Amino acid sequence: MAARRRNRWGFIVLGLVAVALVAWVLTHRKKAPPPGPPPVAVTTATVAVQDIPLTVSALGAAQAWNSATIRAQVSGMLLRVPVREGSDVRAGDLLAEIDPRPFQAALQQAQGALNRDQALLDVARVLLARDKQLLAQDSIARQDFDTQAALVKQDEGIVELDKGVVETAAINLKYCRITAPTDGRVGVRLVDPGNLVSSTDTTGVLILNQITPIAVTFTVPEGDFQRLASVSNRFHAPLAVQALSQETGEALGAGELSIADNRVDPTTGTVTLKARFANPSHQLWPGQFVNVQLVLQTLPRALTIPLAAVNRGPKGAFAYVVGANSKVSVRPVTVTTVEGATAIIQSGLKPGEVVVTDGQLILKPGMTVRARPSAPQPAAAPGGGVFK
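In this note's numbering, the protein residues as written are 21 to 408.
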């Protein structure tokens, strides 16, 4: 009986010890640290090294290199317009013809008057030669000789006048055939055959535009003009120009800056420039508005990042750099030039480093990020270069 009581107390003691051990473990177990904030989703890009062309951008308008409104230079009936509307012609091709019969008759009449007066002059000269001999023999009076000499001078004047009338009639007859003054494309016919045309008409018969080559005119601010003048040796060296579609950004042609206006417009502070494009495929058309880019120079092996990665703070420009552990740090950067959507970095970054381009507003140094790469960085985005 006593042994059974001892065993009972032993179990009770063991149970108390086990309970005490469990309580000690529970009270002295280390608490797990609370879970940290989730990574921030950001867009990133890699610092790249590439050649960057510096450009000046402007809005331009294409216009014919040469434009001529074909008008009648004599009055008459328009017989025919042999060229097809919208066709290309060469210099000297027949564009229109005016009824030549009245001008042929006028030329014939003028030629007849010239022949008649030339014959009268020849007779007067023969008589003057005879009177000269008689005067030497003292057979006629000096007054008769002087009268004949004056008659010869008068007839000579009449002949010269007749020659001018003949030449005028010949020119008017030539004007009945209207030819192309230059290569170009014929526009819509403005007057149909059978109508009377006159040299006083302002509308003209048709318009001829030379579009190969073609010109693009545009204006730039005075500051950009000074940069252009500097890099082109005061416009003695050609500058490459590119025309881009306003709708799609597609390249429509490459040309050269050929002409700079001789003054700055005081009302706008701009200078008008003119570029020449070969335009062999006729992608540029007179009256068309285009975006113009002038390449000033190319920066070789420039350190570049997307402009969206550049942030501004009280101490200047900086970028968020993603480290190997996906944590971001703030890095001050020096931006020398912005070309469209690309920033050229002078210092603060190294090639191959990863910078944040989107999601910076909620970032703080030391935060963990989950990066998703952005679209490839363009070599030279449309837009003008801005020096910092």
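From the three backbone atoms N, C-alpha and C, an ideal C-beta is built for every residue, glycine too. Bear in mind the structure is a predicted one, so any value in this text is a computation, not a measurement.
Residues in its own chain within less than 8 Å of Pro306 by CB, not counting five upstream and five downstream?
Same-chain partners within the cutoff: Ala82, Gln83, Ala84, Ser87, Asn229, Ile231, Ile234.
Determine contact between the stretch 327 to 340 and the stretch 348 to 364, defined as no fewer than three beta-carbon pairs at a distance below 8 Å.
Touching, yes, given that three or more Cβ pairs across the two stretches are closer than 8 Å.
3-residue-minimum beta strand (DSSP E) runs that sit fully inside the stretch 215 to 296, ordered along the chain
Correct list: 226 to 241, 260 to 265, 271 to 280.
When DSSP labels each residue in this structure, what does Arg392 get in the three-state scheme?
Strand, per DSSP.
Closest to Asp119 by C-alpha separation, out of Leu134, Pro201, Leu74, Leu99, would be which residue?
For the residues Leu134, Pro201, Leu74, Leu99, the minimum Cα distance to Asp119 belongs to Leu99.
Pro122 lies in the alpha helix (DSSP H); which residues open and close that run?
Run containing Pro122: 121 to 156, per the alpha helix (DSSP H) assignment.
Would you mind giving the Cβ-Cβ distance between Val342 and Thr63, rounded to the nearest angstrom? I have them listed as a contact below 8 Å.
Contact doesn't hold; Cβ gap of about 11 Å is too wide.
From the DSSP output, in three-state form, read off Asn331 for me.
Strand, per DSSP.
So who's on the other strand from Tyr195, going by DSSP bridges?
None; Tyr195 has no bridge partner.
On the premise that Val185 lies in contact with Ala130, defined as a C-beta separation below 8 Å, what is that separation, rounded to the nearest angstrom?
Contact flag correct, Cβ pair sits at about 4 Å.
Which term fits Arg205, buried or exposed, when burial requires 16 or more other beta carbons within 10 angstroms of its beta carbon?
Arg205 should be labelled buried.
Would Arg227 be called buried (16 or more neighbouring beta carbons within 10 Å of its own) or exposed?
Before going on, a small fix: residue 227 reads as Ile here, not Arg. Buried, since its Cβ has 16 or more Cβ neighbours within 10 Å.
Using CA coordinates, which residue listed in Val236, Gln317, Thr237, Pro300 is at the minimum distance from Val251?
The option with the nearest alpha carbon to Val251 is Gln317.
Suppose the cutoff is 8 Å on Cβ atoms and the five residues either side in sequence are ignored; what does the same chain contact list for Gly214 look like?
These residues qualify, in order along the chain: Met97, Leu98.
Counting beta carbon pairs with one atom in the stretch 257 to 274 and one in the stretch 294 to 306, are three or more of them shorter than 8 Å?
Taking 8 Å as the limit for Cβ pairs, the verdict is that the stretch 257 to 274 does touch the stretch 294 to 306.
From what residue to what residue does the beta strand (DSSP E) around Ser349 run?
Start and end: 348 to 352.
Contact check, Ala280 vs Leu248, beta carbons under 9 Å:
Their beta carbons are under 9 Å apart, which means Ala280 touches Leu248 by this criterion.
Taking 8 Å as the cut-off, does the stretch 155 to 164 touch the stretch 129 to 146 (at least 3 CB pairs, one atom from each stretch)?
With the cut-off at 8 Å, the stretch 129 to 146 and the stretch 155 to 164 do not touch.
Are the stretch 333 to 341 and the stretch 250 to 269 touching by the rule of at least three beta carbon pairs closer than 8 Å?
Under the three-pair Cβ rule at 8 Å, the stretch 333 to 341 does not count as touching the stretch 250 to 269.
Less than 9 Å between the C-beta atoms of Val389 and Leu383, yes or no?
Yes, the pair counts as a contact, with Cβ atoms nearer than the cut-off.
On the DSSP bridge list, what partners appear for Asp378?
Beta-bridge partners assigned by DSSP to Asp378: Thr63.
Beta-carbon separation of Leu140 and Ala169 under 9 Å?
It is not a contact, given that the beta carbons lie outside the stated cut-off.
Counting along the chain, where does the beta strand (DSSP E) carrying Pro326 start and finish?
Its beta strand (DSSP E) spans residues 309 to 326.
Tell me the residue span of the beta strand (DSSP E) that contains Gly343.
Where Gly343 is concerned, there is no enclosing beta strand (DSSP E), given that its DSSP letter is neither H nor E.
Just to confirm before moving on: does the CB-CB distance between Val101 and Arg254 stay below 9 Å?
Pairing Val101 with Arg254 gives a Cβ-Cβ distance that is not under 9 Å.
Once the 5 residues before and after Leu259 are set aside, which same chain residues still bring their CB inside 8 Å of it?
The residues are Leu248, Val251, Ser252, Glu276, Leu277, Leu314, Val315, Leu316.
Are Val69 and Ala322 closer than 9 Å when you measure CB to CB?
Closer than 9 Å, so yes.
Determine the burial state of Asp182: buried for a count of at least 16 other Cβ atoms within 10 Å of its Cβ, exposed for fewer.
Asp182 should be labelled buried.
May I ask you to report which of helix, strand or coil DSSP gives Asp164?
It is helical.
Would you identify the three-state DSSP class for Val186, choosing helix, strand or coil?
Here Val186 sits in helix by DSSP.
Going straight from the alpha carbon of Val376 to that of Gln308, what length do you get?
Take the alpha-carbon of Val376 and the one of Gln308: they are about 40 Å apart.
Compare the Cα-Cα distances from Leu134 to each of Thr287, Asp175, Gly80 and report the closest residue.
Ranking the options by Cα distance to Leu134, first place goes to Asp175.
Assuming Pro371 contacts Val60 under a Cβ cut-off of 8 Å, what Cβ separation, rounded to an integer in Å, is found between them?
Their Cβ separation, rounded to whole angstroms, is 25 Å, which puts Pro371 and Val60 out of contact at 8 Å.
Per-residue DSSP class, three states only, for Gly207:
Gly207 falls in the coil class under three-state DSSP.
Among Glu187, Ala144, Ala189, Ser346, which residue has its Cα nearest to the Cα of Thr167?
When C-alpha distances from Thr167 are compared across Glu187, Ala144, Ala189, Ser346, the shortest belongs to Ala144.
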